[in-house]
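Asks: So the sequence shown is residues 5 to 190, counted in the numbering used here.
A virtual CB, placed ideally from N, CA and C, is assigned to each residue, including glycine.
Please read through the structure below; I'll follow up with questions.
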Amino acid sequence: MQTAELILLAAGLAMDACAVSMTNGLCCRNMHGGWIAADGLCFGAMQGAMPLLGFLLGSCFYSVIAALDHVLALILLCAIGGRMLWEAHGSTADSGGSNMTIPLLMMQGIAGSIDALAVGISFSAFAQFRILPAAAMIASVTAVLSIAGVLIGRRFGAILQTKAQILGGLILIGIGIRIFVSHVFA
Numbered sequence: 005m006q007t008a009e010l011i012l013l014a015a016g017l018a019m020d021a022c023a024v025s026m027t028n029g030l031c032c033r034n035m036h037g038g039w040i041a042a043d044g045l046c047f048g049a050m051q052g053a054m055p056l057l058g059f060l061l062g063s064c065f066y067s068v069i070a071a072l073d074h075v076l077a078l079i080l081l082c083a084i085g086g087r088m089l090w091e092a093h094g095s096t097a098d099s100g101g102s103n104m105t106i107p108l109l110m111m112q113g114i115a116g117s118i119d120a121l122a123v124g125i126s127f128s129a130f131a132q133f134r135i136l137p138a139a140a141m142i143a144s145v146t147a148v149l150s151i152a153g154v155l156i157g158r159r160f161g162a163i164l165q166t167k168a169q170i171l172g173g174l175i176l177i178g179i180g181i182r183i184f185v186s187h188v189f190a
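Right, dumping it as structure tokens:
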């Protein structure tokens, strides 16, 4: 696989993480400094680790993973999005959104990187594929795009105010549904 192809693949895999990061910037009032870095590192690490895991599992377990990955992503993203909608419903106008937590960020990281697991399994079909540089490229691109996503989300979150949490919840639910539908009808 050529470097340009790998960069395009990494950018494609990073899009869900970038969208979730934008949602974090929109909705989480504590997304600054360390939390922005944590968002990028978490999504980058998850997107880098999943192809490694998929590569190690190889094609032996492909049918099991492919049968469940889209369901897991749907459940996790809808749960997170539903929680955001619930919080928005009960919040006051000056609440400013919710706070990011490590468990929430980890759950988002897992949900957003499930497609990378399938990519890792695909990589295992290539003879002498160099998985470590590929995983590092995927992780790096995802980290950069996730940080950019948070910054973009913060900018629009200030404009949207309390509507940002509703929009963020709907975006996460939409991403979960898109992953599910694309796997079921692909």
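Within a Cβ cutoff of 6 Å, which residues of the same chain sit near G153, ignoring the five residues on either side of it in sequence?
Replies: C22, S25, M26
Asks: Need the endpoints of the alpha helix (DSSP H) that N28 sits in, please.
Replies: Taken as a continuous stretch (DSSP letters only), the alpha helix (DSSP H) holding N28 covers 7-31.
Asks: Report the CB separation of I125 from L61 in whole angstroms; it is logged as a contact under 8 Å.
Replies: 6 Å
Asks: Nearest to A129 by alpha carbon, out of F59, A120, I181, A41?
Replies: F59
Asks: By alpha-carbon positions, which one of W90, V75, L136, V148 ends up nearest to A115?
Replies: V75
Asks: Could you compute how far the alpha carbon of A97 sits from the alpha carbon of R87?
Replies: Summary for A97: the model assigns pLDDT 45, below 50, so the residue's position carries little reliability; its value from the coordinates is reported in the next sentence. Rounded to the nearest whole angstrom, the CA to CA distance from A97 to R87 is 18 Å.
Asks: Output yes or no for whether 8 Å exceeds the beta carbon distance between L108 and I181.
Replies: L108 is not a Cβ neighbour of I181, given a cutoff of 8 Å.
Asks: On the premise that A147 lies in contact with G44, defined as a C-beta separation below 8 Å, what is that separation, rounded to the nearest angstrom?
Replies: Taking the Cβ atoms as the reference, G44 lies roughly 4 Å from A147, within the contact range of under 8 Å.
Asks: State the beta-bridge partners of S102 as determined by DSSP.
Replies: Beta-bridge pairing links S102 to C32.
Asks: Just to confirm, are R158 and M19 a CB contact at a threshold of 8 Å?
Replies: no
Asks: When we look at the beta-carbon of A71 and count the other beta-carbons within 10 Å, is it buried (16 or more) or exposed?
Replies: exposed
Asks: To which residues of the same chain is G113 closer than 6 Å at the C-beta, ignoring the five residues directly before and after it?
Replies: C46, F47, M50
Asks: Could you give the first and the last residue of the continuous alpha helix (DSSP H) run that contains Q51?
Replies: 38-61
Asks: Which class does A97 belong to by DSSP, given the choice of helix, strand or coil?
Replies: For A97, the predicted model reports a pLDDT of 45, less than 50, meaning its position is unreliable; a value from the coordinates is still stated below. Correct three-state label for A97: coil.
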